[in-house]
Structure formats: C-alpha cells, structure tokens
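So the structure is just underneath, and the comments pick up after that.
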Amino acid sequence: MSTNEKSAHFDTVNLHSDRSDKPEHGSLHKAVHTSIAFEYEDARDLAAVFQGKKNGYNYGRQQNPTVNALQNRITRMEGGHSTVAFATGMAAIGSILFSLLRQGDHVIASAFLFGNTNSLFNTFTNFGVEVSFVDATDCTAVKAALRPETRLVFVETIANPVTQIADLQGIGTLCQQHNLIFVVDNTITTPWLFSPRTVGATFIVNSLSKYFGGHGDALGGAVTDTGLYDWKDYPHLYDNYKTGPSSTWGMTQLKKKGLRDFGATLAPEAAHTLALGSETISLRVERACNNALTLARFFEAHPRVRKVNYPGLESHAQHARAALLFGQFGGLMSIELEEEIDCFDFLNRLQFVVSSSNLGDTRTLAIPVAHTIFFEMGAARRASMGIPDSMIRLAVGIENIEDLLADFTQALA
Ligand SMILES: *Cc1c(COP(=O)(O)O)cnc(C)c1O
2 MSTNEKSAHF DTVNLHSDRS DKPEHGSLHK AVHTSIAFEY EDARDLAAVF QGKKNGYNYG
62 RQQNPTVNAL QNRITRMEGG HSTVAFATGM AAIGSILFSL LRQGDHVIAS AFLFGNTNSL
122 FNTFTNFGVE VSFVDATDCT AVKAALRPET RLVFVETIAN PVTQIADLQG IGTLCQQHNL
182 IFVVDNTITT PWLFSPRTVG ATFIVNSLSK YFGGHGDALG GAVTDTGLYD WKDYPHLYDN
242 YKTGPSSTWG MTQLKKKGLR DFGATLAPEA AHTLALGSET ISLRVERACN NALTLARFFE
302 AHPRVRKVNY PGLESHAQHA RAALLFGQFG GLMSIELEEE IDCFDFLNRL QFVVSSSNLG
362 DTRTLAIPVA HTIFFEMGAA RRASMGIPDS MIRLAVGIEN IEDLLADFTQ ALA
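Using the working numbering, the letters of the sequence shown correspond one by one to residues 2 to 414.
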C-alpha cells in the first residue's frame, strides 16, 4: 500500500488491509491457503523458523497466511501491537486464562458476563484459580476485591443482556496502578465503536463470530495485544519466551501455550469469510446502532413493554459513560413485556425478527433469556444479574427500520 496508512481512517485502512501484506498475483483479497505444511528450499531456514530466528510458517496449527492476514487486519482495527486468532471467541478467552494463570492466582471478573465466559471462570475455580465476580460498573467494587495474588481483571464493554457498561476508564487506571493484566472483551462494541487500548487494556478479546464477521456464517475469536503491559515482573512466564521487548512476552506465551499447545486454531476458510464480512463492519454496526436506538425509544413509549435496557436511552444508568466512550450505543438491547403477554407467543408472532441465540448478525434476532442462554446458571444467579423470566434479548440487525417497527407493533398489539 503506497498511501499513508497512519493518516487514513478506520474504514479505509480496513478495506485495503490485505494489500499491505505483499499481495500475491495482485490479488485484492488474501487467498485461502489450505496447506498445513510449508516447504523450505534450504533446510537451515526450516530450523531457523522453528527456533524463532526467522519469520515463516512451520505448521498450520500455529500459523497460516490467510489467518495471519486476518490477524494483521484486527491489529490495525484495534490499534494494537499484534493479534492471535482462535477457532472461537471462547477459545480466545480460555487460552488467555490457561496460558497465563496458575493455581493460587486470583481473578476479578465482571458479574455481568456472557454466559459461557461466566461458566468458564467457574471451571477455573476447580483448578485453584479464585474468581471474584463484582459489579464492574463501579470501579470501587473492583478495588475492594483486590488481593495480593490478583493477576487479572476481565470485563466486557456492553454486558449481555442487561447492557451494563463497565467503568472501563476507572478499572484501566486501577489495573495500571496495581500492575494487573486488564482484559477487555470488545465483542459487543467492536473496534469500530470502541478502542480498549484508550483505557489501558492489556489484551482485547473479539468474538469474530458476532458483529466482526457479521453474517452469522463463521465462528472465530481473537486476542489483540496492545503492547501496554510490561511483562518484566510477571511471575508465570517461561524463560525461553522472554525474548525481545518485555512488552511482547505475554503474547509469545499465549501463542505457544495457548494456540500451539491447546490447538483451537482458526481455519483458513473461516478466516477468509470473517475478513470479507468485516469489510462492511462500519456500515453494518452504524445501521444496527441507528435501528436499535429507534426501536428502544419505540419500546420505551409502548404501554405493553415494562422495561427497556439500552445504553442509548437517557434512562440507562450508564448512558453518559456510553456516550463518552462509544459515541453510539450498539445493537444489543433487552426488553421486559407486561405480564399478560406470554414471551413465547410474542416471539412466535414476529415475522421478520428471528427466534435465535446469535447476535451481531445482519438479521434481527430475539431470544427469551432465562429459558435459554442463561438457563444453566439457575434462578438465583439470574436474579442477582437482574434477569427476570419475561426478559427478551434483541440483537438488532440491519433491516429497514420501518419493517422492524411494523413487525414489533403487530406482535405487541
Ligand atoms: C459470543 C461471545 C463470546 C464467545 O464467542 P464465540 O465465538 O461464540 O465462542 C464471548 N464474549 C462475548 C461478549 C460474546 O458475545
């Protein structure tokens, strides 16, 4: 790419990302490289690649040119230092915990987490890692949970399904003061709405399965290293990974102990699909945000809707924070219907809105939360998270807003 990448905008840089990495045959898209093995004319180069003395590919579980191109794209989008992709968002999160924590460590996690992330943290407690779940909308709750053995703080930007916004700035500052790894799951906001680097994140997690790929047709996950954390004094790093600047050591261990040893590698075909989908991320997310805000205002004024959780509404507890950090308010919301309406009948009456568990699709999806995605955690934990049985989560898509309004109007009538 000959133009100045530094001065160009997010969309432009993203669209031209594959051209900056030695385009093959002038190809505008990175090719789908399906080979898992790579040949070297000089066997000494093969050895040098294995020893990390030379850049190159050794085996498809660790590296692939199509996946690398996607990783570079995400690094540019997040303004990060480097990125490693995984088969799913859960593999990305699991690999961080698995590769960098040990027995006796303590983790502070938001109490308002994606259900499977919550489940994963609970699993780690069986391996001697203690987890405190705190109200991350309030930095003082995080501070109160600090212990000498605290290593890592994990939060999401806009929590699912009640849409609480973590005190990202306050927690970022706290993590800097206490030298803690700060992991921000940016899935719901995407790098288009929010840059976790600006609040001091160490690692940025993106589930590529959602808004990033954006079409509900490929799974993927990624961890971006912002380069802001100095791993010099981090106790659990293996000596042979402490090469190069100390800001890169954690990522090296994540690639070796996480991606290589655990092996949840992103397939090149999926990497291609996700990269292609991401080219329209700004258009899609902007449309979803606009649709969601219009719908949230419609629901707030509707007599048969008891409650609306959406950060774009002035009634939302962290509305000002969301406006400051994200500008727009995302495509995710939840509503509670008046008691006389059966939530399953309501969902069945919807014509364009699909009953489905995904989010970040082009289509608007709806799901009864307590009966599905948050069923496994039980009534007590649901109550503590503010999730009543009547709650419906909406993942607003990019349809024409008139048709969405008409669909909800008839379903509520
Ligand atoms: C979906 C999701 C994940 C997990 O991603 P998968 O790709 O489905 O494994 C993690 N965090 C958040 C916020 C999500 O919405």
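Beta carbons are placed, not taken as given, at the ideal position from N, Cα and C, and that holds for glycine.
(request) Would you list the one or two residues that DSSP bridges to Pro369? (result) Ile393
(message) According to DSSP, simplified to helix, strand and coil, what is Tyr58?
(response) coil
(message) Is the separation between the beta-carbon of Ser210 and that of Phe155 shorter than 8 Å?
(response) no
(message) Buried or exposed, going by whether 16 or more other CB atoms sit within 10 Å of the CB of Met2?
(response) Reliability of the predicted coordinates at Met2 is poor, the pLDDT of 45 falling under 50, and no value is obtained from them.
(request) Taking Ala93 and Ala137 to be in contact with their CB atoms under 8 Å, please state how far apart those CB atoms are, rounded to whole angstroms. (result) About 19 Å separates the two Cβ atoms, so there is no contact after all.
(request) Give me the Cα-Cα distance between Gly105 and Gly129, rounded to the nearest whole angstrom. (result) 6 Å
(request) Answer yes or no: the CB of Lys233 versus the heavy atoms of ligand 1, is any distance below 7 Å? (result) Lys233 Cβ: outside cutoff for every heavy atom of ligand 1.
(request) Compute the beta-carbon to beta-carbon distance between Ala219 and Leu275, rounded to the nearest angstrom, for a pair I have assumed lies under 8 Å. (result) 5 Å
(request) Note the first and the last residue of the continuous beta strand (DSSP E) segment covering Lys308. (result) 306-310 is the span of the beta strand (DSSP E), which, as asked, contains Lys308.
(message) Quick check: the Cα distance between Glu157 and Val33, rounded to an integer number of angstroms?
(response) 32 Å
(message) Going by beta-carbon coordinates alone, are Gly90 and Val184 separated by less than 8 Å?
(response) no
(message) Taking its Cβ as the centre, do 16 or more other Cβ atoms sit within 10 Å of Tyr311, making it buried, or is it exposed?
(response) buried
(message) Which residues does DSSP list as the beta-bridge partners of Phe87?
(response) By DSSP's assignment, Phe87 forms a beta bridge with Gly222.
(request) Report back the beta-carbon spacing between Ala86 and Gln72 to the nearest angstrom; my notes put them in contact at under 8 Å. (result) 5 Å
(message) Which complete alpha helix (DSSP H) runs does the stretch 267-310 hold, if anything under 4 residues is left out?
(response) 269-279, 282-302
(request) Examine ligand 1 and report whether any of its heavy atoms sits within less than 7 Å of the Cβ of Ser28. (result) no
(request) With a threshold of 7 Å, establish whether the CB of Asp262 neighbours any heavy atom of ligand 1. (result) no
(message) I'd like to know whether the C-beta atoms of Leu348 and Pro369 end up nearer to each other than 8 Å.
(response) yes
(request) Measure the Cβ-Cβ separation of Val108 and Phe122 and say whether it is below 8 Å. (result) yes
(message) Which of the three DSSP states is assigned to Leu209 in this structure?
(response) helix
(request) With a threshold of 7 Å, establish whether the CB of Phe115 neighbours any heavy atom of ligand 1. (result) yes
(message) Please report the straight-line C-alpha distance between Lys256 and His273, rounded to a whole angstrom.
(response) About 21 Å.
(message) On the criterion of 16 or more Cβ atoms from any shown chain inside 10 Å, does Val397 qualify as buried, or is it exposed?
(response) buried
(message) For ligand 1, I want to know if Ser356 counts as a neighbour, meaning its beta carbon is within less than 7 Å of at least one of the ligand's heavy atoms.
(response) no
(request) Starting from Asp186, trace the alpha helix (DSSP H) both ways and give me its first and last residue. (result) Unbroken run through Asp186 is the beta strand (DSSP E), 182-186; no alpha helix (DSSP H).
(message) So, for Leu395: in the same chain, excluding its five sequence neighbours on each side, which residues have a beta-carbon less than 6 Å away from its beta-carbon?
(response) Met334, Ala367
(request) Let me know the secondary structure DSSP gives Val151 once reduced to three states. (result) Just to set this straight, residue 151 is Thr in the shown sequence, not Val. It is a strand residue.
(message) If you follow the beta strand (DSSP E) that Leu333 is in, where does it begin and where does it stop?
(response) Per DSSP, Leu333 is one residue of the beta strand (DSSP E) stretching across 333-338.
(message) Which same chain residues end up closer than 6 Å to Ser391 when comparing Cβ atoms and leaving out the 5 residues on each side of it in sequence?
(response) For Ser391, where only same-chain residues beyond five positions count, the Cβ hits under 6 Å are Glu337, Leu338, Cys344.
(request) Please report the Cβ distance between Gly493 and Ser83, rounded to the nearest whole angstrom; I am assuming they are in contact, meaning their Cβ atoms lie under 8 Å. (result) Limits of the chain in this structure are 2 at one end and 414 at the other, which puts residue 493 out of reach.
(request) Would you mind working out which of Gly222, Ala146, Arg74 sits nearest Phe11, comparing C-alpha positions? (result) Arg74
(request) Determine the contact status of Phe353 and Leu405, defining contact as a CB-CB distance below 8 Å. (result) yes
(request) In the DSSP assignment, find the unbroken alpha helix (DSSP H) run with Ser120 in it and report its ends. (result) 116-126
(message) Could you tell me the alpha carbon to alpha carbon distance between Ile159 and Val14, rounded to whole angstroms?
(response) 26 Å
(message) Checking 8 Å against the spacing of the C-beta atoms, do Ile374 and Gly116 come in under that value?
(response) A contact, by the Cβ cut-off of 8 Å.
(message) Going residue by residue through the stretch 5-80, where are the continuous alpha helix (DSSP H) segments of at least 4 residues, counting only ones entirely within it?
(response) 11-16, 44-51, 66-79
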